[in-house]
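Protein sequence lines, in the order shown, are assigned to chains H and Z. Going by my numbering, the first residue of the first sequence is number 15, and it counts up by one from there. Going by my numbering, the first residue of the second sequence is number 2, and it counts up by one from there. Where a beta carbon is used, it is the ideal one built from N, C-alpha and C, also for glycine. Since the structure is predicted, the reported quantities are computational estimates derived from the model, not experimental observations.
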Amino acid sequence: EADIYQTPRYLVIGTGKKITLECSQTMGHDKMYWYQQDPGMELHLIHYSYGVNSTEKGDLSSESTVSRIRTEHFPLTLESARPSHTSQYLCASSAGQRQYFGPGTRLTVT
Amino acid sequence: QKEVEQNSGPLSVPEGAIASLNCTYSDRGSQSFFWYRQYSGKSPELIMSIYSNGDKEDGRFTAQLNKASQYVSLLIRDSQPSDSATYLCAVIGAGNMLTFGGGTRLMVKP
Numbered sequence: 015e016a017d018i019y020q021t022p023r024y025l026v027i028g029t030g031k032k033i034t035l036e037c038s039q040t041m042g043h044d045k046m047y048w049y050q051q052d053p054g055m056e057l058h059l060i061h062y063s064y065g066v067n068s069t070e071k072g073d074l075s076s077e078s079t080v081s082r083i084r085t086e087h088f089p090l091t092l093e094s095a096r097p098s099h100t101s102q103y104l105c106a107s108s109a110g111q112r113q114y115f116g117p118g119t120r121l122t123v124t
Numbered sequence: 002q003k004e005v006e007q008n009s010g011p012l013s014v015p016e017g018a019i020a021s022l023n024c025t026y027s028d029r030g031s032q033s034f035f036w037y038r039q040y041s042g043k044s045p046e047l048i049m050s051i052y053s054n055g056d057k058e059d060g061r062f063t064a065q066l067n068k069a070s071q072y073v074s075l076l077i078r079d080s081q082p083s084d085s086a087t088y089l090c091a092v093i094g095a096g097n098m099l100t101f102g103g104g105t106r107l108m109v110k111p
């Protein structure tokens, strides 16, 4: 079973706050991904990484940033949260072509 | 045209029936195909992968691939209410990136 963790699971925060969503995996996967998904809507890739010190933007433009300093860790940061950032954020990792997802972080910006 | 197309549904089937979920893709060079299941409020879970033309069976699930028609399907036999979820088709295409369809919502009525 895939071991990929996301914290926090739920976050309610005020406009203008800086937030970091954590994602860690214990499988030694090189590739990691961040998706954004609104309820009942499609998955949108916002960032990905093929290894340490490698990050790329995905298909959906996002104001968030990511870093990959360690293989197992791929945090996502929003410098100034806005209500439009309210969504579910899903982290995934893969060694080959199969992606395994974490449980997600549901973010609400008030 | 979207790269991976699915009917959003909902597809409603009675308990015990066969549910048939369909997906078309635009990149003729695609080689790897996946089905994910996503329960409401949860993260996607990989349930099937298929790489060659034909059928691949795993328990009550059968994935079917027809590369000439650029068509992938998922059959669920003896559908149960617990199968009610959104099913996401995903394809590895150009650039070796996984692209998700919008998903089909399946409802199995007792």
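With 16 other Cβ atoms within 10 Å as the buried cut-off, status of residue 60 of chain Z: Along the second sequence, read from residue 1 onward, the residue named residue 60 of chain Z stands at position 59. By the 10 Å Cβ count, residue 60 of chain Z comes out exposed.
Interface residues of chain H facing residue 33 of chain Z [CB-CB closer than 8 Å]: Numbered from 1 along the second sequence, position 32 holds the residue referred to as residue 33 of chain Z. Near residue 33 of chain Z (Cβ distances below 8 Å), the residues of chain H are 111.
Report the neighbours of residue 50 of chain Z on chain H: residues whose CB is nearer than 9 Å to its CB, in chain order. For the purposes of this step, residue 50 of chain Z is identified with residue 49 of the second sequence, where counting begins at 1. What residue 50 of chain Z touches in chain H: 111 and 112.
Alpha-carbon to alpha-carbon, residue 80 of chain Z and residue 83 of chain H: The residue given as residue 83 of chain H occupies position 69 in the first sequence. The residue given as residue 80 of chain Z occupies position 79 in the second sequence. If you draw a straight line from the Cα of residue 83 of chain H to the Cα of residue 80 of chain Z, it comes to about 45 Å.
Taking the alpha-carbon of residue 95 of chain Z as reference, which of Z:34, Z:54, Z:74 and Z:42 has the nearest alpha-carbon? Position 94 of the second sequence, counted from the first residue, corresponds to residue 95 of chain Z. Of Z:34, Z:54, Z:74 and Z:42, the residue nearest in Cα terms is Z:34.
If the criterion is Cβ atoms closer than 9 Å, does the pair residue 85 of chain H and residue 65 of chain H meet it? As a working mapping, residue 85 of chain H is identified with position 71 in the first sequence. As a working mapping, residue 65 of chain H is identified with position 51 in the first sequence. Contact: yes.
Taking 8 Å as the cut-off, does the stretch 59 to 75 of chain Z touch the stretch 10 to 18 of chain Z (at least 3 CB pairs, one atom from each stretch)? no
Below 8 Å on the Cβ atoms is my guess for residue 85 of chain Z versus residue 107 of chain Z; work out the distance and round it to an integer in Å. In the second sequence, counting from the first residue as 1, residue 85 of chain Z sits at position 84. In the second sequence, counting from the first residue as 1, residue 107 of chain Z sits at position 106. Sure, about 6 Å apart at Cβ, within 8 Å.
Specify the secondary structure class of residue 107 of chain H as computed by DSSP and reduced to three states. On the first sequence, position 93 is the one that residue 107 of chain H refers to. Residue 107 of chain H: strand per DSSP, three-state reduction.
Residues of its chain near residue 41 of chain H, where Cβ-Cβ distance is below 8 Å and the 5 sequence neighbours each way are ignored: For this step, residue 41 of chain H is matched to residue 27 along the first sequence. Here the set comprises 16, 17, 18, 107, 109 and 114.
Which residues bound the beta strand (DSSP E) around residue 38 of chain Z? Here residue 38 of chain Z refers to the residue found at position 37 of the second sequence. Where residue 38 of chain Z is concerned, the enclosing beta strand (DSSP E) stretches over 33 to 39.
Quick one: is residue 65 of chain H near chain Z, going by C-beta distance under 9 Å? Counting from 1 along the first sequence, the entry for residue 65 of chain H is found at position 51. So, not an interface residue.
Using the beta-carbon count (16 or more within 10 Å), is residue 30 of chain H buried or exposed? In the first sequence, counting from the first residue as 1, residue 30 of chain H sits at position 16. So residue 30 of chain H ends up on the exposed side.
So, is residue 46 of chain H buried or exposed, given that buried needs 16 or more other C-beta atoms within 10 angstroms? Position 32 of the first sequence, counted from the first residue, corresponds to residue 46 of chain H. Under a 10 Å Cβ-count criterion, residue 46 of chain H is classified as buried, with 16 or more other Cβ atoms of the shown protein chains found around its own Cβ.
Quick one: residues in its chain with C-beta nearer than 8 Å to the C-beta of residue 27 of chain H, no 5 flanking neighbours on either side, listed in chain order? Translated into the one-based positions of the first sequence, residue 27 of chain H becomes position 13. Here the set comprises 33, 95, 121, 122, 123 and 124.
State yes or no: is the C-beta of residue 48 of chain Z within less than 9 Å of the C-beta of residue 57 of chain Z? Your numbering for residue 48 of chain Z matches position 47 in the second sequence. Your numbering for residue 57 of chain Z matches position 56 in the second sequence. Result no, Cβ atoms of residue 48 of chain Z and residue 57 of chain Z do not sit closer than 9 Å.
Establish whether the CB of residue 53 of chain H and some CB of chain Z are separated by less than 9 Å. Start at 1 with the first residue of the first sequence, and residue 53 of chain H comes out as number 39. Judged by the 9 Å Cβ criterion, residue 53 of chain H is in contact with chain Z.
Cβ of residue 99 of chain H within 9 Å of Cβ of residue 74 of chain H? Here the question's residue 99 of chain H lines up with position 85 in the first sequence. Here the question's residue 74 of chain H lines up with position 60 in the first sequence. The answer is no: Cβ separation not under 9 Å.
Chain H contacts made by the stretch 72 to 100 of chain Z, where a contact means CB separation under 9 Å: 87, 89, 91, 93, 97, 98, 99 and 100
Given that residue 117 of chain H touches chain Z, what residues does it touch there, using C-beta distances under 9 Å? Position 103 of the first sequence holds residue 117 of chain H. Simply 43 and 44.
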